[in-house]
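S.K.: One structure, pasted below without further comment.
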Amino acid sequence: MTTLKRAGIFIVLMATSMASVQAIAATFTATLDKTGKVTAQSPKWIKDVKLTAQPDYFSDYKVRFVPGVFKDAPRFCTVSVTDVSSNDHIFYGHAKLGSVPAINYVNVLTLKVGDNKPAGDSSMGFQLMCVK
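Here the sequence shown stands for residues 3 to 134, where the numbers follow the numbering used here.
Encoded structure:
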């Protein structure tokens with residue numbers, strides 16, 4: 003077998019293995035409004051969302067995944083506030099994970115930090131991303 007053929011086979015094998023790695027590390031994204039309604043997601047991976055608001059403290063969103071989407075818990079999730087409905091949300095709005103991602107759900111907390119007055123309703127829209 004010539005060196006050129008070996009190099010070609012090596013490149014094909016590497017490309018195949020890279021495609022497999024990329025398929026394993028799928029990225030899931032979603033945008034949710036302050037009521038917990040999913041306004042966009044790619045692919046379809048969120049089954050439902052339960053919102054529990056704690057007045058003057060935080061809002062807890064339990065984001066449940068479609069069964070079977072994750073065979074193991076997501077390796078990584080991140081969240082960011084996208085709510086620009088008020089200056090308070092822009093300047094003081096914060097979102098964070100409220101739990102380690104599980105195989106079927108993740109908790110997201112939204113709250114207002116840094117303001118010197120009661121927070122009121124801390125429910126805010128956010129974007130969520132998880133990696134398989």
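The beta-carbon is built from N, C-alpha and C at its ideal position, and this holds for glycine as well.
Please confirm whether Lys49 and Arg77 have their CB atoms less than 7 Å apart.
M.R.: By 1-based counting over the sequence shown, the position of residue 49 is 47. By 1-based counting over the sequence shown, the position of residue 77 is 75. No, these two residues do not count as a Cβ contact at 7 Å.
S.K.: Taking only three categories from DSSP, how would you classify Phe72?
M.R.: Indexing the sequence shown from 1 puts residue 72 at position 70. Phe72: coil per DSSP, three-state reduction.
S.K.: By the 10 Å Cβ neighbour count, where 16 or more other Cβ atoms means buried, how is Ala42 classified, buried or exposed?
M.R.: Stepping through the sequence shown from its first residue, residue 42 is reached at position 40. Exposed: under 16 other Cβ atoms inside 10 Å.
S.K.: Applying the criterion that 16 or more other CB atoms from any shown protein chain within 10 Å of the CB defines a buried residue, is Thr112 buried or exposed?
M.R.: On the sequence shown, residue 112 is found 110 positions in, with the first residue counted as 1. Classification for Thr112: buried.
S.K.: At the level of alpha carbons, what is the spacing between Val102 and Lys119?
M.R.: Here the question's residue 102 lines up with position 100 in the sequence shown. Here the question's residue 119 lines up with position 117 in the sequence shown. Whole-angstrom Cα-Cα distance: 30 Å.
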